[in-house]
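In full-length UniProt numbering, the protein residues as written are 1 to 486.
From the three backbone atoms N, C-alpha and C, an ideal C-beta is built for every residue, glycine too.
Heads up, the thing below is written out as structure tokens.
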């Protein structure tokens with residue numbers, strides 16, 4: 001709050017709240033009265049104060065941005081009071097609840113302010129859940145867990161506490177386009193695209209492969225333009241490519257980040273949606289030793305793997321206590337209700353149902369849907385990536401573009417939309433080559449059949465088809481068709 005009619009001092013008058021009583025009963029009140037009741041011939045005095053919450057401390061963490069340190073300070077200043085309260089809170093005998101008995105069908109503790117990191121019972125279940133499914137070599141610790149309302153909030157919070165406005169993250173492109181909004185709208189943080197190629201060259205073994213060489217080139221390019229890069233974002237399994245990084249690749253990316261003292265944000269939101277048995281997923285948390293544990297931050301959410309995006313549950317695992325605390329401070333704006341936290345804990349506890357019922361059935365349905373859409377694309381002669389993870393297929397419709405431009409890509413997208421089928425065009429994922437589209441196949445089979453029927457109708461109605469259909473790219477000389485798995 002701002003305090004009217006108070007002299008300029010070093011007292012943090014703007015930071016009064018539940019965590020502080022500073023200045024409430026000071027002698028400043030006499031000064032305020034004198035200043036505001038001055039005589040007509042006195043020089044006008046300043047009767048307002050613009051608060052500056054950064055004036056009261058110096059940053060004390062090498063891992064946080066200056067605003068991240070401010071955010072962490074607000075948590076620290078209020079934490080003691082909340083911690084003391086939770087150590088001696090409601091007791092049915094010593095401090096009885098006065099609500100009517102018919103209102104007590106909800107556990108009373110769920111109706112109170114929680115630990116902003118998340119209720120301890122939930123963080124303990126999340127730690128056990130991730131330890132099991134990420135195959136961590138040692139049990140993960142609940143004190144390193146923070147829960148928020150989804151990965152969008154996690155990206156926003158991490159961008160804000162790790163970067164100053166105008167700084168940047170490296171991110172392989174194409175990538176899930178909403179991340180741009182997540183890191184830019186809150187934090188004013190930029191993204192440096194590390195462009196991946198559909199054409200296999202050099203030592204690469206597959207299309208759209210991320211290599212350390214490409215990371216180095218992108219970092220050098222950003223530095224040459226005066227852009228300070230603070231971190232690297234990895235999506236594994238990848239959206240929209242469906243790629244799953246090998247253990248060796250993960251190690252190389254993390255070693256690269258350590259060399260350049262970059263934070264690594266690893267989004268593993270599809271970790272339980274690898275439906276091909278031949279594809280092996282490796283979580284970053286499965287590594288015996290992280291190259292830089294203080295700069296490695298892993299996120300996961302229930303929206304994809306459990307098909308419950310409306311529940312708004314996301315979690316961060318980081319061994320960096322400063323980062324965890326700063327993000328937890330922002331949970332005041334991104335927290336989950338007590339009821340949702342209770343429901344999620346119940347879900348995570350039911351390991352038998354998850355392992356024996358849900359995951360086998362979900363994987364079987366994903367595989368069947370993927371197989372159907374793949375066969376339809378092959379029948380149309382459309383190249384695509386087949387990776388066995390996620391909900392989508394990355395397909396090249398470049399041969400249906402009269403010209404290899406993003407304007408023509410958008411026109412084709414609108415023709416799909418006019419025909420009542422919604423695909424995602426490549427430009428939305430920052431793909432550098434026009435003509436790539438993402439097809440989501442995680443739906444009931446009868447809807448998939450209808451959707452693919454409409455896709456076929458649009459493509460067959462195109463009167464202008466390029467004479468030499470590309471295999472995996474549209475702007476450079478065509479490579480062999482085998483570069484795309486179809």
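C-beta contact flag for residue i and residue j at 8 Å
{"i": "residue 267", "j": "residue 184", "result": "no"}
{"i": "residue 230", "j": "residue 330", "result": "no"}
{"i": "residue 545", "j": "residue 392", "result": "Here the chain has residues from 1 to 486 only, and residue 545 is not among them."}
{"i": "residue 366", "j": "residue 275", "result": "yes"}
{"i": "residue 127", "j": "residue 114", "result": "no"}
{"i": "residue 443", "j": "residue 369", "result": "yes"}
{"i": "residue 434", "j": "residue 398", "result": "yes"}
{"i": "residue 271", "j": "residue 133", "result": "yes"}
{"i": "residue 264", "j": "residue 296", "result": "yes"}
{"i": "residue 210", "j": "residue 260", "result": "no"}
{"i": "residue 262", "j": "residue 290", "result": "no"}
{"i": "residue 342", "j": "residue 125", "result": "no"}
{"i": "residue 420", "j": "residue 409", "result": "no"}
{"i": "residue 192", "j": "residue 222", "result": "yes"}
{"i": "residue 227", "j": "residue 168", "result": "yes"}
{"i": "residue 129", "j": "residue 348", "result": "yes"}
Cβ distance (whole Å) where residue i is taken to contact residue j below 8 Å
{"i": "residue 110", "j": "residue 339", "result": "6 Å"}
{"i": "residue 445", "j": "residue 372", "result": "7 Å"}
{"i": "residue 117", "j": "residue 404", "result": "Incorrect: roughly 49 Å between the Cβ atoms, too far for contact."}
{"i": "residue 175", "j": "residue 425", "result": "Rounded, the Cβ-Cβ distance is 14 Å, inconsistent with contact."}
{"i": "residue 147", "j": "residue 336", "result": "6 Å"}
{"i": "residue 119", "j": "residue 156", "result": "Actually they do not touch by this definition, with Cβ atoms about 22 Å apart."}
{"i": "residue 450", "j": "residue 317", "result": "Rounded, the Cβ-Cβ distance is 40 Å, inconsistent with contact."}
{"i": "residue 71", "j": "residue 326", "result": "5 Å"}
{"i": "residue 390", "j": "residue 242", "result": "5 Å"}
{"i": "residue 304", "j": "residue 269", "result": "5 Å"}
First and last residue of the uninterrupted beta strand (DSSP E) at residue i
{"i": "residue 267", "result": "263-267"}
{"i": "residue 230", "result": "229-235"}
{"i": "residue 170", "result": "168-173"}
{"i": "residue 148", "result": "145-148"}
Residue i to residue j span [Cα, whole Å]
{"i": "residue 395", "j": "residue 206", "result": "15 Å"}
{"i": "residue 63", "j": "residue 344", "result": "31 Å"}
{"i": "residue 215", "j": "residue 258", "result": "13 Å"}
{"i": "residue 189", "j": "residue 170", "result": "11 Å"}
{"i": "residue 302", "j": "residue 153", "result": "14 Å"}
{"i": "residue 313", "j": "residue 436", "result": "31 Å"}
{"i": "residue 136", "j": "residue 458", "result": "47 Å"}
{"i": "residue 422", "j": "residue 61", "result": "46 Å"}
{"i": "residue 432", "j": "residue 195", "result": "7 Å"}
{"i": "residue 417", "j": "residue 164", "result": "39 Å"}
{"i": "residue 453", "j": "residue 277", "result": "29 Å"}
{"i": "residue 166", "j": "residue 208", "result": "28 Å"}
{"i": "residue 237", "j": "residue 273", "result": "8 Å"}
{"i": "residue 306", "j": "residue 384", "result": "26 Å"}
{"i": "residue 145", "j": "residue 123", "result": "6 Å"}
{"i": "residue 239", "j": "residue 448", "result": "20 Å"}
{"i": "residue 487", "j": "residue 319", "result": "Absent from the model: residue 487. The displayed extent of the chain is 1 to 486, so no value can be given."}
{"i": "residue 21", "j": "residue 65", "result": "Low local confidence applies: a pLDDT of 36 at residue 21 is under 50, so the model's placement there is unreliable, with the coordinate-based value given in what follows. Each residue's Cα considered, the two are about 28 Å apart."}
{"i": "residue 466", "j": "residue 356", "result": "Caution is warranted here: a pLDDT of 43 is assigned to residue 466, below 50, making its placement in the model unreliable, and the coordinate value is therefore given only provisionally. Going from the Cα of residue 466 to the Cα of residue 356 covers about 49 Å."}
{"i": "residue 334", "j": "residue 360", "result": "32 Å"}
{"i": "residue 186", "j": "residue 315", "result": "19 Å"}
{"i": "residue 520", "j": "residue 217", "result": "The structure shown does not extend to residue 520, since the chain spans only 1 to 486, so no value can be given for it."}
{"i": "residue 388", "j": "residue 279", "result": "7 Å"}
{"i": "residue 69", "j": "residue 233", "result": "22 Å"}
{"i": "residue 200", "j": "residue 67", "result": "42 Å"}
{"i": "residue 180", "j": "residue 282", "result": "26 Å"}
{"i": "residue 460", "j": "residue 204", "result": "34 Å"}
{"i": "residue 478", "j": "residue 292", "result": "No answer about residue 478 holds up, because its pLDDT of 35 lies below 50 and its placement is not dependable."}
Bounding residues of the alpha helix (DSSP H) (the contiguous stretch that carries residue i)
{"i": "residue 123", "result": "120-133"}
{"i": "residue 190", "result": "Here residue 190 belongs to no alpha helix (DSSP H); instead the beta strand (DSSP E) covers 190-195."}
{"i": "residue 255", "result": "247-259"}
{"i": "residue 182", "result": "178-185"}
{"i": "residue 156", "result": "151-162"}
{"i": "residue 223", "result": "212-224"}
Please go through the stretch 294-362 and give each complete beta strand (DSSP E) segment of 3 or more residues, from N-terminal end onward. For the stretch 294-362, whole beta strand (DSSP E) runs of length 3 or above, ordered along the chain, are 296-301 and 314-318.
What ranges does the beta strand (DSSP E) occupy inside the stretch 367-444, keeping only unbroken runs of at least 3 residues that lie completely in it? With a minimum length of 3 residues, the continuous beta strand (DSSP E) runs that stay inside the stretch 367-444 are 392-396 and 436-440.
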